[in-house]
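Quick notes on the structure that follows.
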Amino acid sequence: MLPTIIVFYFAIPTTSFGQNPSQLMLSQMNDIQYDCSLPSCSLPTILTASSLINCQIFCLKSSDCRTLTFDQLSNQCLVFSNHPSHDGSLTTQIGSITMIAIDQRAVIASTATSSTSSTSSTATTSTTSTTALYYVPTSLWRFDNTTLDSLSNLNGVGVNSPAFKVPGINGRAALSLTRSQNQYVTISTYQNFTYTSFTIEMWIYINSLSGGNTFGLFSQRENATTNHLLISFIWNNHLALSFYSNDVIGSTTLSLYAWYHATLVYDYPSRTQAVYLNGYQDGIHTSADPYLGTVGAITIGMFNDSTNAVQAFDGYIDEVSLTMRSKNATEILNDATLTTYHSFDSIPFVDSGPLALGVIASGVNLVTGRVNQSLNFTTNSSYYQVSGFVLLGVSNQPFSFALWTKRTTTAGGATLVHMSTLMNGTGWCVDWLGFSSSGQIVATGWNSMGYQVVGPVFSTNVWTHVVSTYSPTNGLRLYVNGTLMGTADTRTYNASEQVNILTLGNPLKGLNGTSCNSMAIVTTPYIGYLDEFYVYSRELSGADVLALANP
Numbered sequence: 001m002l003p004t005i006i007v008f009y010f011a012i013p014t015t016s017f018g019q020n021p022s023q024l025m026l027s028q029m030n031d032i033q034y035d036c037s038l039p040s041c042s043l044p045t046i047l048t049a050s051s052l053i054n055c056q057i058f059c060l061k062s063s064d065c066r067t068l069t070f071d072q073l074s075n076q077c078l079v080f081s082n083h084p085s086h087d088g089s090l091t092t093q094i095g096s097i098t099m100i101a102i103d104q105r106a107v108i109a110s111t112a113t114s115s116t117s118s119t120s121s122t123a124t125t126s127t128t129s130t131t132a133l134y135y136v137p138t139s140l141w142r143f144d145n146t147t148l149d150s151l152s153n154l155n156g157v158g159v160n161s162p163a164f165k166v167p168g169i170n171g172r173a174a175l176s177l178t179r180s181q182n183q184y185v186t187i188s189t190y191q192n193f194t195y196t197s198f199t200i201e202m203w204i205y206i207n208s209l210s211g212g213n214t215f216g217l218f219s220q221r222e223n224a225t226t227n228h229l230l231i232s233f234i235w236n237n238h239l240a241l242s243f244y245s246n247d248v249i250g251s252t253t254l255s256l257y258a259w260y261h262a263t264l265v266y267d268y269p270s271r272t273q274a275v276y277l278n279g280y281q282d283g284i285h286t287s288a289d290p291y292l293g294t295v296g297a298i299t300i301g302m303f304n305d306s307t308n309a310v311q312a313f314d315g316y317i318d319e320v321s322l323t324m325r326s327k328n329a330t331e332i333l334n335d336a337t338l339t340t341y342h343s344f345d346s347i348p349f350v351d352s353g354p355l356a357l358g359v360i361a362s363g364v365n366l367v368t369g370r371v372n373q374s375l376n377f378t379t380n381s382s383y384y385q386v387s388g389f390v391l392l393g394v395s396n397q398p399f400s401f402a403l404w405t406k407r408t409t410t411a412g413g414a415t416l417v418h419m420s421t422l423m424n425g426t427g428w429c430v431d432w433l434g435f436s437s438s439g440q441i442v443a444t445g446w447n448s449m450g451y452q453v454v455g456p457v458f459s460t461n462v463w464t465h466v467v468s469t470y471s472p473t474n475g476l477r478l479y480v481n482g483t484l485m486g487t488a489d490t491r492t493y494n495a496s497e498q499v500n501i502l503t504l505g506n507p508l509k510g511l512n513g514t515s516c517n518s519m520a521i522v523t524t525p526y527i528g529y530l531d532e533f534y535v536y537s538r539e540l541s542g543a544d545v546l547a548l549a550n551p
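Residue numbers (full-length UniProt numbering): 1 to 551.
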């Protein structure tokens, strides 16, 4: 059987990442399965991939991937650090595709560049776009009223009857744990963390830091000896990662009653432990020996200490993910602060961000866009609605909105981004982005009274990039095509303190004359096109904005 040689080229944007183009050559063998069960074999990373290309991307993004096997019937993707020329064997298996690296590994980018062409009866156009390569982690516990692993077989079981609390970080449910009742989730299926890299991410909300100084978040325990007890936990109000007598402790003091994104990373090649809080590195430990435990269940929400006492968490835990490689700082910042992302490239419409927020669309369709496809708003009843924005309901929480707009007329105003606490557009409500009666772009803010930044009038039938950012440090800012248009030097944001809903292109019932704040925005339906919609729970920098404006 002759292998097919496939070469992947990934080009790095020259904006802020500074890496060179790289390639990996793979040989493809159809109806062949790779088995590696020898003592010298490492356990493969197992995930569900929607297609072979997604399995390939996972391999390309994993620095130690040498072989992958994709089962076309079950969509199971197995990624190995071993190579058939040294370990394991190849056997016939109908429906399986095995791909083997046949050259030296190179650095793989976190973004990819693709080119597409379209032809009409009058013209031929070519578009080049740069988009993020999103791929699934190894395991994911969403805790949407279940303790099951939504990606693989690391299914959990609640101990001492933990509950689920609504809303979680995505507006759905979160795991609710009470320390005094020793509640947690246990996962009996063994996962190998020995001599390997990994990244653990989760959202946590702390209800209490009393009753002790250690609160377990994620653990695997062989015994209480050096490098045989893996724990991520809160220690003296700080985030920490430990292998027992080999640990890193964050510098930030944690507070009660606030959502935090916690990330724990071990990079085996560099022997580095690191903790990240809300996407930013909070502590690092170099020359950290690897974890050595070879048995033990995983626990979420507690660990057993050196005396075997239960050190449980008190609060909510949501969206726990395990990735069997070390993520880089850019990926972690995205995971922590990219609240939602919509490419508008395919139907059904979905949120491609890490939280997978709920989407409802009415009266819209797909047409050629600024990047691939875009959303077309054709009638006064057209809208696109995303629900589950928890952090937008927190006062003084930084945020950013970004999108491409192409108006078909400049006559009159229109709503671009409307926020409300009710699905009909009312309740606590505000128009964040829209157009004034004279056609100027307007960004607004709210601190018990409205404030705004007014920008230029856009040309019709031309794609224009718009970004609105807010932070207590810099106030409200408006960018057009990557250029700062103006700032409203108001540093406070009085939020709804509820879960919020964003509606694109339509205020629904939140029209002018209602209690919704809109400032100079005329709250009427938008007729035109929208593309590449992002919401972040941080203030984007000027460099971030420029990168989004030049896809």
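Beta carbons are placed, not taken as given, at the ideal position from N, Cα and C, and that holds for glycine.
Contact check, residue i vs residue j, beta carbons under 8 Å
{"i": "Ser81", "j": "Asp35", "result": "no"}
{"i": "Thr340", "j": "Val386", "result": "yes"}
{"i": "Ala312", "j": "Arg179", "result": "yes"}
{"i": "Tyr190", "j": "Val79", "result": "no"}
{"i": "Tyr534", "j": "Leu548", "result": "yes"}
{"i": "Ser219", "j": "Phe143", "result": "no"}
{"i": "Gly95", "j": "Leu68", "result": "no"}
{"i": "residue 554", "j": "Val480", "result": "It is not possible to answer for residue 554, since the shown part of the chain is limited to 1 through 551."}
{"i": "Thr410", "j": "Val457", "result": "yes"}
{"i": "Ile46", "j": "Leu177", "result": "no"}
{"i": "Phe193", "j": "Thr214", "result": "no"}
{"i": "Thr490", "j": "Gly475", "result": "yes"}
{"i": "Leu366", "j": "Ile347", "result": "yes"}
{"i": "Gly434", "j": "Thr415", "result": "yes"}
{"i": "Ala495", "j": "Ser420", "result": "no"}
{"i": "Tyr383", "j": "Thr503", "result": "yes"}
{"i": "Leu175", "j": "Gly301", "result": "yes"}
{"i": "Gly393", "j": "Glu497", "result": "yes"}
{"i": "Asp187", "j": "Asn145", "result": "Residue identity differs from the one stated: residue 187 is Ile in this sequence, not Asp. No; because the gap between Cβ atoms is not below 8 Å, this pair is not in contact."}
For residue j and residue i, the rounded distance between their alpha carbons
{"i": "Thr199", "j": "Val265", "result": "5 Å"}
{"i": "Gly353", "j": "Asp335", "result": "8 Å"}
{"i": "Gly445", "j": "Tyr184", "result": "40 Å"}
{"i": "Lys509", "j": "Asp351", "result": "24 Å"}
{"i": "Val499", "j": "Thr523", "result": "22 Å"}
{"i": "Pro290", "j": "Val545", "result": "39 Å"}
{"i": "Ala356", "j": "Ser197", "result": "26 Å"}
{"i": "Val320", "j": "Gln56", "result": "24 Å"}
{"i": "Ser40", "j": "Asp87", "result": "7 Å"}
{"i": "Gly168", "j": "Gly315", "result": "11 Å"}
{"i": "Leu43", "j": "Gln397", "result": "42 Å"}
{"i": "Asn153", "j": "Phe70", "result": "17 Å"}
{"i": "Val359", "j": "Gly505", "result": "14 Å"}
{"i": "Ala329", "j": "Ile249", "result": "17 Å"}
{"i": "Ile100", "j": "Gly542", "result": "41 Å"}
{"i": "Tyr493", "j": "His285", "result": "37 Å"}
Residue i in three-state terms, based on DSSP
{"i": "Ile317", "result": "strand"}
{"i": "Ser74", "result": "coil"}
{"i": "Arg179", "result": "helix"}
{"i": "residue 600", "result": "Nothing can be reported for residue 600: it is not among the residues displayed for the chain, which extend from 1 to 551."}
{"i": "Gln56", "result": "helix"}
{"i": "Tyr134", "result": "Because Tyr134 carries a pLDDT of 39, less than 50, the predicted location of this residue cannot be relied on, and the following value inherits that uncertainty. DSSP places Tyr134 in coil when its eight states are reduced to three."}
{"i": "Asn30", "result": "strand"}
{"i": "Val522", "result": "coil"}
{"i": "Ala97", "result": "Note on identity: in this sequence residue 97 is Ile, with Ala being the wrong assignment. Strand."}
{"i": "Thr111", "result": "Unreliable positioning characterises Thr111 in this predicted model, as indicated by a pLDDT of 33, which lies under 50. A coordinate reading is not provided."}
{"i": "Leu148", "result": "coil"}
{"i": "Gly88", "result": "coil"}
{"i": "Asp247", "result": "strand"}
{"i": "Ser242", "result": "strand"}
{"i": "Leu47", "result": "strand"}
Problem - Touching by the beta-carbon criterion (3+ pairs, under 8 Å), the region 204-222 and the region 260-279 - result: yes
Exercise for the section: Report yes or no: do the region 322-331 and the region 236-248 share at least 3 C-beta pairs separated by less than 8 Å? Expected result: no
Practice task
Would you check if the region 469-488 and the region 519-531 touch, i.e. whether three or more CB-CB distances between them fall below 8 Å?
Solution key: no
Handout entry: Entirely enclosed beta strand (DSSP E) segments - the region 260-284, minimum 3 residues
Key = 272-277
Practice task
List in chain order: all unbroken alpha helix (DSSP H) runs of 4+ residues lying wholly within the region 465-490.
Solution key: none
Problem - Length-filtered (4 minimum) alpha helix (DSSP H) runs lying within the region 329-394 - result: 329-337
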